[in-house]
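Here's the structure we're looking at; comments come further down.
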Amino acid sequence: MFAHTTTIWFVACPDPAEQLRRGLVADPDRTDDFIRRAYRGAVPSATASADLSSVPAADDVDVFAAHYGDLAVLAGRSLATTSPEELTEFVTGLEPGWTVVLLSLDPTASTGVFARWEDGRLLRAFAADPVRIHADHGVPFPFESSFWAGERPLEYLPGVEPDPLDLPFHPAELAEEANRQWLGFRFTPPAAEGDTDPSRIPLFTYRIGSDGTVAVPASEVRPAEPAPSPQNGPSAPGASDTGEGTPDATRTAPIAVTPNGSDDLSAPSAPAPANSAANSPAATTTSAPKKRGPGPISRYFGFRGRL
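Residue numbers for the sequence shown follow the numbering used here, beginning at 5 and rising by one.
Shown next as structure tokens:
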């Protein structure tokens, strides 16, 4: 199963992957200021120092943040969305002029989402589950071509006939590849040679309180207990769950089905097919995920998604 996580990175350096690979130190004071600007009208209070690998196992109420100078990140399940365009005003206003990169993975809904903003505008966004495209904005980047060409295919349970209108890849795999291309790492194993281990990326954990809450600054918190690592492999409706790890970094691994359901990055490539995938027999085996209430950002900024 792939990781359950959402991250929003703010980039003002030429090579964020190299910065992360060399190692960073989170500035607690700048991080406090950064998250206060993200949650205006609320009171973010630091609860622990942690690292990026702890985000997938965290509670919905936990929000993570770090500011490293010319890089910054917000993370947490409550930031999840399948409509990246709704975040444009919010993310471009936090650090004006910076590049912004979104990754959102939800194994309960089998969705993968990625987006990139440059110079205050949404350049590329894609959100889908294996049978339906929720958002497809902008021209695909070169690294996407192998997915659309069917070179990173979905894997189905024995006896399940793929529908020809299903996507030719798992959206979570594409979203994590976007994150790897832009930031140099992915959450779900296997890691490729040279990938940064998320456990080497420090950040702070926060809880978002209301007016009157006494805020604890990040400079005063201690490290949290280590979180368990996410399990291997991503999925598709009707996909098999062998429990085995993925043998290499280019293979699309299946995920479990529950009863409830070096490319040139400077220029985009030719457009990918934009039509939504139709429902398939594989998709009908998974019920709709349990509806969840609005997250903290949607309550403060009025977005429709789980933010």
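Backbone N, C-alpha and C fix where the C-beta goes; we use that ideal spot for every residue, glycine too.
Taking a C-beta distance under 8 Å as the contact criterion, P88 and V47 do not qualify as a contact pair. By DSSP's assignment, D140 forms a beta bridge with F130. The Cβ atoms of G80 and A62 sit closer than 8 Å to each other. Counted as a single uninterrupted DSSP element, the stretch harbouring I39 is not any beta strand (DSSP E) but the alpha helix (DSSP H) occupying residues 32-42. Rounded to the nearest whole angstrom, the CA to CA distance from D37 to V95 is 15 Å. With 16 or more other CB atoms across the displayed protein chains lying within 10 angstroms of its CB, L187 is buried. Residue state for G116 is assigned as strand, using DSSP reduced to three classes. Straight-line spacing of the CA atoms in E122 and A30 works out to 24 Å. The straight-line gap separating the alpha-carbon atoms of R156 and S49 is approximately 42 Å. In the structure shown, the three-state DSSP call for G213 is strand. In the structure shown, T9 adopts extended strand secondary structure according to DSSP, grouped into three states. Straight across, the Cα-Cα distance linking R184 with T51 is about 29 Å. In this structure, L98 sits near F14, with a CB-CB distance shorter than 8 Å. In this structure, DSSP gives W102 a state outside helix and strand, which the three-state scheme calls coil.
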